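Residue numbering for the sequence shown follows my numbering, starting at -6 and increasing by one per position. Here a beta-carbon is modelled for each residue, glycine too, at the ideal position from N, C-alpha and C. Note that the structure is predicted; figures quoted are calculated from it, not measured. Working notes for the structure below.
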Amino acid sequence: MPDLDFFGGVEEIGGNKIRLNTEETSLFLDFGRSFGGEKQYYDDPYLSPRKPRQLKELGLLPQIENLYKNSLEPGVDGVLVTHPHLDHWGYSCYLDNEIPLYCGEATRDMILNYEYCGSCGPSKDYYLANLTKKNGREVYKDFQTFRTGDQLEFDDLSVEPVHVDHSIPGAYAYIIHAPGKTIAYTGDFRLHGPKSEMTEEFIYRAKAADIDTLITEATNVVGADVRTEEDVRQDLTKIISEATGLVITNFSNRDIDRLRTAYKAAKINDRKLAISTKQAFLLQRLRQDKHLDIFDIRDDDVLVFRKEKSYSQAWEEEVIGEVKTYSGSDLNEIQEEVVLVASYYDMNEVMKIRPQPGSVFILSQSEAFDEEGEIQHERLLNWCEHMGLPQYHAHASGHVGPNQLKNAIQEIDPETVYPVHTERPRQFKKFISDLDIEVKLPDN
């Protein structure tokens, strides 16, 4: 019978690291960065972990031999990465390079893109990949990619990856056929997004597989948002139509659904969408995957917004060499024709645009949920006040709501459920206690 050990994702959102052991196979389900755990000890970038031994001593990395860099013999057969958010793969930079990462093709592409633009590792010894003007692209990690329908075979178990909808491309759940037990691991998923049929397919396959153990995210036990991506498109379209000056919107660089939504809303209002050079670099890579329906950055309705600086990194030069780019000063002349994607960290550049009266700021991501986020949000509000920008909020969550999650669990009908990726597992346990399903609270 397989054993499960939880080294992260327990009473925290993210940081998932779950080891699955059988007699002949050892796999990790995700190997994510624990942002909440790090904040208890570090203040990045002023103080950050430099070596895995520091994180091991603090209980943020597993105390397992032959797992990390320069091991004599890799201690696990691989990591099954569900999707390319850092809290699911970020600590894989510390793993020995001989330990492969199994992931979808889009996940690999987005991880490589992240590394090319600035690695998750603290130094070059821990880079998964690198892009320099001198050496071009270098990949140091073994990526084993798949698509839905593929089967991953190990010594005494097989893994069936099934795509799910989440707020980033390339998200997968796993159905694991192990000796004496069938296990499903959801990763992060939702049922209210534009690709909800993918999640529904996973639920159908999991039900057919007669799951014994379900490991599921339960992020939205508190603060669930019932809005859909279509609701966000309608909200953005209306707000943009009523604005007479510059429209600024802020969301994750890698939320391609939201980027597509902003593009459609801008186009309906005869405005151009101005994206960052980092987003343009990512889109050029992802556009090679026809399944993702990515717009061309050379489209007449798209502008690429660059920061004014004297030095450009290798990835930035690739973008600048391919398309015309626009500075803040350039956008000043056409601001009433533009929807600009910009974050708190772009405010110095936004100030160069000098937003005219009638300009607005649309926050299109989750609001702050911790003290550090609240401080940054307060600073963002100060910027908006300085530039005379009223703030709107238009967002749909990347995580399944509690009622939908309960229905999915009831449909899959496992014998046992482990909730992860939640700060309130006991609340979750009580919420589904009327189902005839055992709920085990993992501990690490």
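- Judged by DSSP secondary structure, Val413 falls within the beta strand (DSSP E) whose first and last residues are 409 to 413.
- Scanning Thr270, Glu16, Glu108, Tyr120 for the CA closest to the CA of Lys62 turns up Tyr120.
- DSSP places Gly29 inside the alpha helix (DSSP H), whose first and last residues are 28 to 32.
- Residue pairing by DSSP places Gly314 in no beta bridge whatsoever.
- In this structure, Arg347 is the residue among Ser305, Val334, Arg347 with its C-alpha nearest to the C-alpha of Asn325.
- Shown here, Ser390 sits in coil according to DSSP, grouped into three states, outside any helix or strand.
- DSSP places Lys174 within a strand segment (E or B) once states are collapsed to three.
- At a Cβ-Cβ threshold of 7 Å, Arg278 and Val331 do not count as neighbours.
- Under the three-state reduction of DSSP, Gly321 is assigned to helix.
- Distance from the CA of Asn128 to the CA of Leu276, rounded to the nearest whole angstrom, comes to 22 Å.
- Apart from sequence neighbours up to five positions away, the residues of its chain that approach Leu296 with a beta-carbon distance below 6 Å are Lys265, Ala267, Tyr319, ordered along the chain.
- Here Leu373 is buried. Its C-beta has 16 or more other C-beta atoms within 10 Å.
- Close CB contacts of Glu431 within its chain, under the 6 Å cut and outside five residues either way in sequence, are with Thr409 (chain order).
- In the structure shown, Thr209 adopts extended strand secondary structure according to DSSP, grouped into three states.
- Bridge partners of Lys10 according to DSSP: Gly1, Phe24.
- Cα atoms of Val219 and Ala259: separation of roughly 24 Å, rounded to the nearest angstrom.
- Within 10 angstroms of the beta-carbon of Gln281 lie fewer than 16 other beta-carbons, which makes it exposed.
- Looking at Arg43, Gly25, Tyr39, Gly29, the one whose alpha-carbon comes closest to that of Pro55 is Gly25.
- Residue pairing of Ser116 in beta bridges, as defined by DSSP: absent, with no partner found.
- At a Cβ-Cβ threshold of 7 Å, Pro187 and Ile249 do not count as neighbours.
- In the DSSP assignment, the residues bridged to Phe139 are Gly97.
- The residues Pro55, Gln56, in chain order, have a CB closer than 8 Å to that of Lys49 in the same chain once the five nearest residues on each side in sequence are set aside.
- If the five residues before and after Ser189 are omitted, its C-beta is found closer than 6 Å to the C-beta atoms of Asp158, all from its own chain and listed in chain order.
- Look at Ile241 here: in three-state DSSP terms it is strand.
- Annotation: the continuous alpha helix (DSSP H) that includes Phe421 extends over 418 to 424.
- Non-local C-beta neighbours of Arg198 in its own chain, meaning closer than 8 Å and more than five positions away in sequence, comprise Glu153, Val155, Ile168, ordered along the chain.
- Non-local beta-carbon contacts of Glu58 in its own chain, meaning distances under 7 Å to residues more than five positions away in sequence, involve Gly68 in chain order.
- In the DSSP secondary-structure assignment, Val297 is bridged to Ile268, Thr318.
- Here the C-alpha atom of Lys32 lies approximately 43 Å from the C-alpha atom of Asp293.
- In this structure, the CA atom of Phe0 is about 49 Å from the CA atom of Gly238.
- Taking a C-beta distance under 7 Å as the contact criterion, His388 and Gln358 qualify as a contact pair.
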